[in-house]
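The sequence shown begins at 9 in this note's numbering and counts up one residue at a time.
Notes for the one structure printed next.
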Amino acid sequence: MEPAATPDLELRQRRMAHIVYGLQALSVFIGLIGIVAVVLAYLRRRQGGGSVTTHFTWQIRSFWGFFIASALGSIMVVAFQGFGAGQLGLLLVVAAAIWLIYRVIRGWLGLYDGRPMYDIYPPPPAA
């Protein structure tokens, strides 16, 4: 059960979520910063803080998706280099970076608007 969110806690959580989004944006260029970002997200998600907690979950999932795709792409570059198929691995790494940038932008805009993740684009009302 999540602790009740006080206005002060929610404000601190929002600030940290902004910092984590910034670190994730930088991690596209400097990969190790992504590890710092995901550790902060894991630590802050436990503290609760209302709808901001959903942003930490979004950030954690973004990190792991990017990490796994980049690792697989890097392995493909090395493993298939002699076969001329290493470019497929490079393409996977680039696609993962674009996907992470998309997730950072979408999440950061939702945080800025004060909306929880996974509910940013609710379905249209039934006719």
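A virtual CB, placed ideally from N, CA and C, is assigned to each residue, including glycine.
How would you call residue i, buried or exposed, if buried means at least 16 neighbouring beta carbons within 10 angstroms?
i    : result
V86  : exposed
L117 : exposed
G42  : buried
W66  : buried
Which same chain residues, not among the five before or five after residue i, have their C-beta less than 6 Å away from its C-beta?
i   : result
F88 : G94
T61 : R53
Can you find the residues in the same chain that come closer than 8 Å, C-beta to C-beta, to residue i, ignoring five residues on each side of it along the sequence?
i   : result
S82 : G97 and V101
M24 : L48 and R52
V44 : L31
L80 : G97 and L100
Return the Cβ separation of residue i and residue j in integer angstroms, given the expectation that the two are a contact with Cβ distance under 8 Å.
i    : j   : result
G115 : H63 : 6 Å
> Which runs of the beta strand (DSSP E) fall wholly inside the region 37–88 and span at least 3 residues, in chain order?
Replying inline: Whole beta strand (DSSP E) segments, 3+ residues: zero.
> Does the region 55–63 come close enough to the region 89–106 that 3 or more CB-CB pairs lie under 8 Å?
Replying inline: No: fewer than three Cβ pairs fall under 8 Å.
>> I want to know whether the region 30–44 touches the region 100–114 - three or more CB-CB distances under 8 Å.
In response: Per the Cβ contact rule, the region 30–44 is in contact with the region 100–114 (3 or more Cβ pairs under 8 Å).
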